[in-house]
Amino acid sequence: MKSYDVAIIGSGPGGYVAAIRCAQLGMKTAIIEKYSTLGGTCLNVGCIPSKALLSSSHHYEEATKHFEDHGIEIPGEIKVNLEKMIGRKQAVVDQTTGGIDFLMKKNNIDVFEGLGSFIDATHIKIEGKDAQEIEAKKIIIATGSKPSTLPFITLDKERVITSTEALKLKEIPKHLIIIGGGVIGLELGQVYRRLGAEVTVIEYMDRILPTMDAGLSKELNKVFKKAKCKMMLSHKVQSVERNGDEVIVKAENKKGEVVEFKGDYCLVSVGRKPYTAGLNAEAAGVKLNDRGQVEVNEHLQTSASNIYAIGDVIKGAMLAHKAEEEGVFVAETMAGQKPHIDYNLIPGVVYTWPEVAAVGKTEDQLKADNVEYKVGQFPFRALGRARASGDIDGFVKILADKTTDEVLGVHMIGARCADLIAEAVTAMEFRASAEDISRMSHAHPTFAEAVKEAALAATDDRALHV
Ligand code: FAD
Ligand code: NAD
1 MKSYDVAIIG SGPGGYVAAI RCAQLGMKTA IIEKYSTLGG TCLNVGCIPS
51 KALLSSSHHY EEATKHFEDH GIEIPGEIKV NLEKMIGRKQ AVVDQTTGGI
101 DFLMKKNNID VFEGLGSFID ATHIKIEGKD AQEIEAKKII IATGSKPSTL
151 PFITLDKERV ITSTEALKLK EIPKHLIIIG GGVIGLELGQ VYRRLGAEVT
201 VIEYMDRILP TMDAGLSKEL NKVFKKAKCK MMLSHKVQSV ERNGDEVIVK
251 AENKKGEVVE FKGDYCLVSV GRKPYTAGLN AEAAGVKLND RGQVEVNEHL
301 QTSASNIYAI GDVIKGAMLA HKAEEEGVFV AETMAGQKPH IDYNLIPGVV
351 YTWPEVAAVG KTEDQLKADN VEYKVGQFPF RALGRARASG DIDGFVKILA
401 DKTTDEVLGV HMIGARCADL IAEAVTAMEF RASAEDISRM SHAHPTFAEA
451 VKEAALAATD DRALHV
């Protein structure tokens with residue numbers, strides 16, 4: 001029987017990053033993955049393929065709607081070849097997952113393909129291609145999550161689908177009905193809207209992206225409405241039925257009326273749930289909580305002291321970079337180091353266009369905590385760089401403590417915000433004040449100038465360009 005210092009179950013961004021860090025720290029490391037490709041949800045059916053389709057559909061929209069403004073004329077009709085677009089997406093995925101194979105080899109990590117389940121706290125049974133039993137002193141559970149659904153929905157995976165199927169459709173829907181105006185619904189909704197589908201987003205809450213700052217929800221909602229998406233807020237879905245090629249969704253609005261929507265595809269994007277099926281966690285003494293998450297303490301240690309858990313399968317935001325941080329955290333903890341994660345400073349990004357990004361507290365959270373704060377906001381349309389590229393939607397909003405001027409939250413929507421948010425994270429890690437950011441030189445002309453201007457606005461209401 002092969003024996004390891006550490007074995008990791010699941011090869012998503014949590015698992016494979018943990019494996020690399022463990023190997024870097026000198027541990028003999030194994031990783032077990034039930035699928036034939038490494039990388040988990042993120043690389044195979046999540047972050048990477050969705051961003052590939054967002055990029056392709058963005059190019060199409062630019063070509064059909066905006067090239068002309070730039071004096072670029074394309075004779076003849078511009079068409080989408082969906083098969084090729086999906087093919088390119090798959091090539092990007094294959095290249096990226098292949099990169100993880102390379103990293104595992106480079107770091108001398110043993111990869112086992114098969115379903116891993118606990119025999120006891122130090123032994124794992126692998127069923128599948130590399131079937132065998134292995135032994136490990138320490139084990140990390142990184143089994144991730146799966147799409148969740150509503151109790152009355154039958155996901156037939158043909159017309160009533162999850163994100164996984166939406167990433168490989170064979171035709172552009174005529175009318176895509178999306179249940180859930182969260183991250184997945186909006187990112188994939190925008191993809192298919194750009195490609196020509198009619199899109200209806202049905203959201204239970206009174207705004208899209210309900211966990212983000214309300215200002216961002218409002219601005220993105222405007223963008224979707226401008227693109228002629230139907231945004232049905234405060235609608236509670238009651239039933240989803242399939243009738244041949246038609247899908248009928250019924251939802252109750254605020255007045256208690258039942259509204260009916262007919263489309264040819266329905267994307268169910270109402271969140272994801274932790275995945276522990278087949279793990280046999282109880283055999284190792286690993287406890288789950290009532291939400292099905294693996295229960296962990298502040299060291300991400302489970303109820304079995306040699307077993308840790310990270311990523312989507314435990315509490316907290318279901319984000320790839322959160323899983324990665326936890327992978328490194330656990331590896332370093334096991335090596336006797338004292339790592340730290342500030343969960344307040346894990347940014348959230350929605351890769352629509354304009355992009356939405358945030359870190360720290362929202363206005364609602366600060367109000368609930370009775371924190372006195374000031375707001376500095378700056379619109380992208382006031383920037384020369386934004387006008388030059390034609391990306392003028394959105395703003396940067398900085399929330400700073402009223403007394404100390406410390407930055408408490410940064411919320412932005414606009415071009416390249418997914419990258420701009422890194423400046424806010426850095427500033428907040430160093431506990432910068434709004435004035436600190438406002439006194440740093442930002443290259444001109446850049447989108448980043450909006451961060452400086454918002455900081456100036458927060459410092460003393462003295463933005464320069466509005
Ligand atoms: P996962 O990536 O889910 O990996 C878990 C792995 O464990 C899987 O490969 C699974 O097969 C394997 N496994 C499970 N059980 C066993 C077992 N018993 N034996 C062996 N193997 C097992 N996050 C972002 O930060 N940015 C984004 O842009 C983003 N986009 C997304 C888009 C979509 C459409 C989706 C669905 C998700 C997106 N996410 C994004 C979320 C992100 O994918 C997850 O937060 C991330 O993948 C979680 O990583 P993980 O390592 O915890 O688990
Ligand atoms: P989500 O939690 O982001 O959004 C789900 C939405 O569905 C919420 O707005 C919720 O109010 C709504 N909803 C719930 N029940 C409903 C009902 N009965 N009727 C109508 N609406 C209902 O979940 P998601 O979009 O499915 O994404 C799942 C996870 O994947 C998220 O946690 C997210 O962090 C992760 N993800 C991240 C990214 C990114 O970082 N860019 C992209 C995609 C997915």
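According to my numbering, the residues represented by the sequence shown are 1 to 466, in order. Ideal Cβ positions, reconstructed from N, Cα and C, are used throughout, including at glycine.
Proximity of the beta carbon of V201 to the ligand NAD is not indicated: no heavy atom of the ligand is located closer than 6 Å. Just measuring C-alpha positions, the residue of A418, F430, K157, H444 sitting nearest R242 is K157. Proximity of the beta carbon of R272 to the ligand NAD is indicated: a heavy atom of the ligand is located closer than 6 Å. Where L399 is concerned, the enclosing beta strand (DSSP E) starts and stops at 395 to 401. Under DSSP, V349 takes part in a beta bridge, and its partners are A357. When C-beta atoms of the region 353 to 373 are compared with those of the region 400 to 416, three or more pairs fall below 8 Å, so the two segments count as touching. Annotation for V425 indicates a beta carbon at 6 Å or more from all heavy atoms of the ligand NAD. Of the candidates S57, G87, K89, S57 places its Cα closest to the Cα of K79. Annotation for T29: V6, A19, C22, A23, I109 place their beta carbon closer than 6 Å to its own, counting only its chain and skipping 5 residues before and after. Under the Cβ criterion (8 Å, minimum of three pairs), the region 136 to 152 counts as touching the region 318 to 332. The residues K262, D264, in chain order, have a CB closer than 7 Å to that of E246 in the same chain once the five nearest residues on each side in sequence are set aside. The C-alpha of A448 lies about 21 Å from the C-alpha of K374. Judged by DSSP in its simplified three-state form, T164 adopts helix. Within the region 174 to 227, the runs of alpha helix (DSSP H) that reach at least 4 residues and sit entirely inside it are, in chain order, 183 to 194, 214 to 226. The beta carbon of F67 sits closer than 8 Å to those of E73, I74, all from its chain and outside the five residues before and after it, given in chain order.
The ligand NAD never approaches P151 closely enough for any of its heavy atoms to be under 6 Å from the residue's Cβ. If one requires a minimum length of 4 residues, the alpha helix (DSSP H) runs lying completely within the region 10 to 88 are 13 to 24, 40 to 45, 47 to 61, in chain order. Between the alpha carbons of N81 and C417 lies a distance of about 29 Å. Under the three-state reduction of DSSP, I341 is assigned to coil, being neither helix nor strand.
Under the criterion of beta carbons closer than 8 Å, E203 and L233 qualify as touching, at roughly 5 Å. Non-local C-beta neighbours of P347 in its own chain, meaning closer than 7 Å and more than five positions away in sequence, comprise A357, A358, V359, I421, V425, ordered along the chain.
In the three-state DSSP reduction, V6 falls in the strand class (E or B). Restricting attention to alpha helix (DSSP H) runs no shorter than 4 residues, the region 104 to 158 encloses none. D312 counts as buried, since no fewer than 16 other beta carbons sit within 10 angstroms of its beta carbon. Taking 7 Å as the cut-off, the Cβ atoms of G285 and S305 do not count as close. Shown here for D120: same chain residues with a beta carbon closer than 8 Å to its own, the five before and five after excluded, namely A283, A284 in chain order. Taken through DSSP and simplified to helix, strand or coil, A458 comes out as helix. Check the Cα spacing between K137 and each of L150, A131, T122: the tightest is with T122.
For E325, DSSP records no beta bridge to any residue. In the displayed model, E171 falls within coil according to three-state DSSP, outside both helix and strand. Residue pairing from DSSP places V237 in a beta bridge opposite A251. In this structure, S269 has its CB closer than 6 Å to one or more heavy atoms of the ligand NAD.
For G263, no alpha helix (DSSP H) run applies; the uninterrupted beta strand (DSSP E) run containing it begins and ends at 258 to 263, by DSSP. Here F430 carries a coil assignment [DSSP, helix/strand/coil]. In the same chain as I86, and ignoring 5 residues on each side of it, the C-beta atoms closer than 6 Å to its own belong to K168, in chain order. As computed with DSSP, A309 is found in a beta bridge with I141.
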